[in-house]
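Everything below concerns the one structure shown next.
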Amino acid sequence: MPSYYSCKTNLLRDLVNEVQLSTNKLCKEWRLFSCTIVADGWTDTCNQTLINFLAYCPGGIILIKFVDAFNIVKSIDNLFRLFKENIYGFFLSPCATHCLNLMLKEIVEIDYIEDVIQCASKITKFLYNHTFVLSKLRKRIGWIETVCLGATHFATSFIALDSILKHMHDL
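Given below as structure tokens:
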């Protein structure tokens with residue numbers, strides 16, 4: 034059993050070095066793969082709000098910093114301000130999928146495009162409600178289903194339109 038003095042000096046120093054080596058290894062991975070900064074807010078038993086800033090990469094996750102957020106109203110603007118104050122070199126990178134989904138949603142709302150999508154929807158419903166017609170089409174060489182579920186409703190509409198255009202001569 035190690036003595037108090039040994040725990041206080043040697044073992045603690047060894048553990049600090051081990052954590053530092055592990056952290057340095059992850060920081061090197063960030064340069065290769067980048068990392069995702071995660072904010073995890075929680076309230077302790079004394080009703081004190083804390084926010085942990087964590088860095089995640091394929092090699093693991095580490096705590097970067099925790100912030101006492103007792104007087105901070107929980108909102109996206111305040112969270113972004115906390116990020117900027119506590120994480121240096123931070124920049125906001127919105128989700129590309131979400132941005133594309135919003136763009137497709139706005140495109141679908143254009144009157145003439147909405148009309149085209151409604152016509153395509155009627156064609157698709159007809160095909161899938163009449164199994165005889167669908168089975169004949171499925172036997173054709175190169176037939177691809179008109180309905181392919183995409184990640185989002187709006188992407189699915191455009192995928193179906195593309196498929197109908199490819200098979201226009203069969204329809």
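Numbering (this note's numbering), first residue to last: 34 to 204.
The beta carbon of each residue, even a glycine, is placed where N, CA and C say it ideally should be.
Rounded straight-line distance, which links the Cα of residue j to that of residue i
i	j	result
residue 155	residue 161	10 Å
residue 136	residue 192	15 Å
residue 132	residue 195	21 Å
residue 163	residue 203	15 Å
residue 40	residue 130	51 Å
residue 90	residue 34	37 Å
residue 141	residue 148	9 Å
residue 46	residue 116	31 Å
residue 37	residue 109	47 Å
residue 67	residue 44	32 Å
Beta-carbon proximity of residue i to residue j, cut-off 9 Å
i	j	result
residue 94	residue 86	no
residue 92	residue 54	no
residue 190	residue 143	no
residue 134	residue 188	yes
residue 111	residue 105	yes
When the options are compared against residue i, the one with the closest alpha-carbon
i	options	result
residue 8	190, 200, 150	Here the chain covers residues 34 to 204 and nothing more, so residue 8 does not appear.
residue 64	88, 146, 151	88
residue 157	146, 118, 198	198
Any contact of the region 100 to 110 with the region 77 to 84, i.e. 3+ C-beta pairs under 8 Å? The count of Cβ pairs closer than 8 Å, one atom from the region 100 to 110 and one from the region 77 to 84, reaches three, so the stretches are in contact.
Secondary structure, alpha helix (DSSP H): runs of 4+ residues fully inside the region 77 to 156: Those alpha helix (DSSP H) runs which fall completely within the region 77 to 156 and span 4+ residues are 109 to 119, 129 to 141.
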